[in-house]
Amino acid sequence: MSNLEQTLSIIKPDAVERNLENEIKEMFKSKGFSILKEKKIQIEKSEAEKFYKVHETKPFYNDLCAYLSSGPIVVMVLEKDNAVLGNRELMGATNPEDAEEGTIRKKYGISIDKNSVHGSDSVENAKIEIDFFFKD
Ligand code: CMP
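In the working numbering, the protein residues as written are -16 to 119.
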């Protein structure tokens, strides 16, 4: 049975800065994801703080929000069957050092902070994150 889902993906500043946008989009497309919406933007630190609010008690929260707002990012709505899990598998482990071969973070990630991509971690959060960037 099909289980079409949408998830939010962000190509982070380290990857946009290295012109990896097209390569990363090709990795999504080659795994069968459709890119339904996309925009390149730079956000304020205050917006990053809202986006990452679930992490507000973590020691890395301030640096994380400073980083996400430090340069242009590409935000995308991806769609395919089981897109949330499929995106997490394609991204690989949060820390590129732990990521499997063939994953985006293994290929392009520099560090746990500069790990090139973000993806929603659940269907529920995907809805919230898609609304955050694309609600008009
Ligand atoms: P992301 O999937 O965007 O979600 C939160 C981000 O926090 C994560 O990717 C990492 O880039 C960053 N981060 C920094 N330090 C840590 C850590 N110790 N554990 C988890 N995430 C971290």
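Beta carbons are placed, not taken as given, at the ideal position from N, Cα and C, and that holds for glycine.
In chain order, what residues of the same chain lie with their CB nearer than 6 angstroms to the CB of Lys97, ignoring the 5 residues before and after it? Asp(-3)
Run through the DSSP bridge pairs and tell me what Gly102 is partnered with. Ser(-8)
C-beta contact flag for Pro55 and Ile18 at 8 angstroms: Cβ distance not < 8 angstroms, so Pro55 and Ile18 don't count as in contact.
Same chain, Cβ closer than 7 angstroms to Ile95, neighbours up to 5 away in sequence not counted: Thr77, Asn78
Less than 8 angstroms separating the beta-carbons of Lys20 and Val57? no
Euclidean distance between Cα positions of Leu73 and Pro42: 27 angstroms
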